[in-house]
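Asker: Following the numbering used here, the numbering of the sequence shown begins with 141 at its first residue and continues without gaps.
Think of the CB as a built atom: it goes at the ideal place given N, C-alpha and C, for glycine as much as any other residue.
The structure under discussion is supplied below as structure tokens; questions concerning it will follow.
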Amino acid sequence: MPTSNSNLYGTALQNHNGSIFSLQDENKLEVTNQTHMGKVHLITFLFTNCTSLCPIVTSSIKQAIEKSESTKNIPILIISVDPEGDSMEARLEFKDRWELNTNWSYLNGSEKALQSIWSDFYVNPHQTALETLAGESNRKYDVIHTSPVFIVGKDGRPAAVHTNPIEPSHLYKDILTISGR
């Protein structure tokens, strides 16, 4: 059921200006907040070694956009919440593992550059250390974070946000609504 204050299933955003950014994708190409101006696109926040929330969000987005030819090539920007761990190789491997097409860009940059974006999108990642099950001296880490999916309108401003649990059919319908389809 759409939310009561709009015809969207996600939360409608009236005054969100997004963020000004310039980051590198997994192929060393620069992607900015202006790259997809004039196109509806998605922005979410993940990290390559995540085994809990990120796979669910990735799967939900894939299911939503693969519902029709009109949405399957919508640009999707994944912004890293783990700048140190999300190397170019790790991002390429993530895209291969998930069979993500070229319309998906996995962006990373300096922690300083990312902190500004995280703040603008209300994402507050932080690392926690986890002892390995074997009790070895090696340590693993997890990044505690939210993974909202923002639908950005043709004007470059976030128009709606979906939070977990993300229902693919609702995300799909909101993409169509915001696209004017």
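What residues are listed by DSSP as bridge partners for His302?
Answerer: Taking the sequence shown and counting its residues from 1, the one referred to as residue 302 is at position 162. According to DSSP, His302 bridges with Val289.
Asker: With DSSP as the reference, identify every bridge partner of Gln164, one or two as the case may be.
Answerer: Against the sequence shown, residue 164 aligns to sequence position 24. In the DSSP secondary-structure assignment, Gln164 is bridged to Glu170 and Asn248.
Asker: From the DSSP output, in three-state form, read off Leu273 for me.
Answerer: Here residue 273 corresponds to residue number 133 of the sequence shown, with the count starting at 1. Because Leu273 sits at a pLDDT of 43, beneath the cut-off of 50, its placement in the model cannot be relied upon, and the following sentence gives the value as read from the coordinates. Coil at Leu273, not helix or strand.
Asker: Pick from Glu233, Pro215 and Asp226: whose alpha carbon is nearest that of Asn243?
Answerer: Position 103 of the sequence shown, counting from 1, holds the residue named residue 243. Measuring from the Cα of Asn243, the nearest candidate turns out to be Pro215.
Asker: For Ile306, which residues from the same chain have a beta carbon less than 7 Å from its beta carbon, with the 5 sequence-adjacent residues on both sides left out?
Answerer: Locating residue 306 in the sequence shown gives position 166, counting from the first residue. Val197, Ser200 and Val289, listed in sequence order.
Asker: Would the segment 152-168 count as touching the segment 228-237 if we require 3 or more Cβ pairs under 8 Å?
Answerer: yes
Asker: Tell me the DSSP secondary structure of Thr317 in three-state form.
Answerer: Start at 1 with the first residue of the sequence shown, and residue 317 comes out as number 177. When DSSP states are grouped into helix, strand and coil, Thr317 belongs to the helix group.
Asker: Take His176 and list the residues in its own chain whose beta-carbon comes closer than 7 Å to its own, dropping the five residues that flank it on each side.
Answerer: As a working mapping, residue 176 is identified with position 36 in the sequence shown. Contacts found: Pro215.
Asker: Would you decide whether Leu270 is buried or exposed? Buried here means 16 or more other CB atoms lie within 10 Å of its CB.
Answerer: If you number the sequence shown from 1, residue 270 lands on position 130. Unreliable placement is indicated for Leu270, whose pLDDT of 44 sits below 50; no coordinate value is reported for it.
Asker: If you draw a straight line from the alpha carbon of Phe161 to that of Asn248, how long is it in whole angstroms?
Answerer: As a first step, residue 161 is located in the sequence shown; it is residue number 21 there, counting from the start. As a first step, residue 248 is located in the sequence shown; it is residue number 108 there, counting from the start. Computed Cα separation, rounded: 11 Å.
Asker: Which whole-angstrom value describes the C-beta separation of Phe187 and Ser220, a residue pair presumed to lie in contact below a C-beta threshold of 8 Å?
Answerer: Counting from 1 along the sequence shown, the entry for residue 187 is found at position 47. Counting from 1 along the sequence shown, the entry for residue 220 is found at position 80. In this structure Phe187 touches Ser220 by the C-beta definition: roughly 6 Å separates them, less than 8 Å.
Asker: Run through the DSSP bridge pairs and tell me what Ile216 is partnered with.
Answerer: Taking the sequence shown and counting its residues from 1, the one referred to as residue 216 is at position 76. Answer is Leu182 and Trp244.
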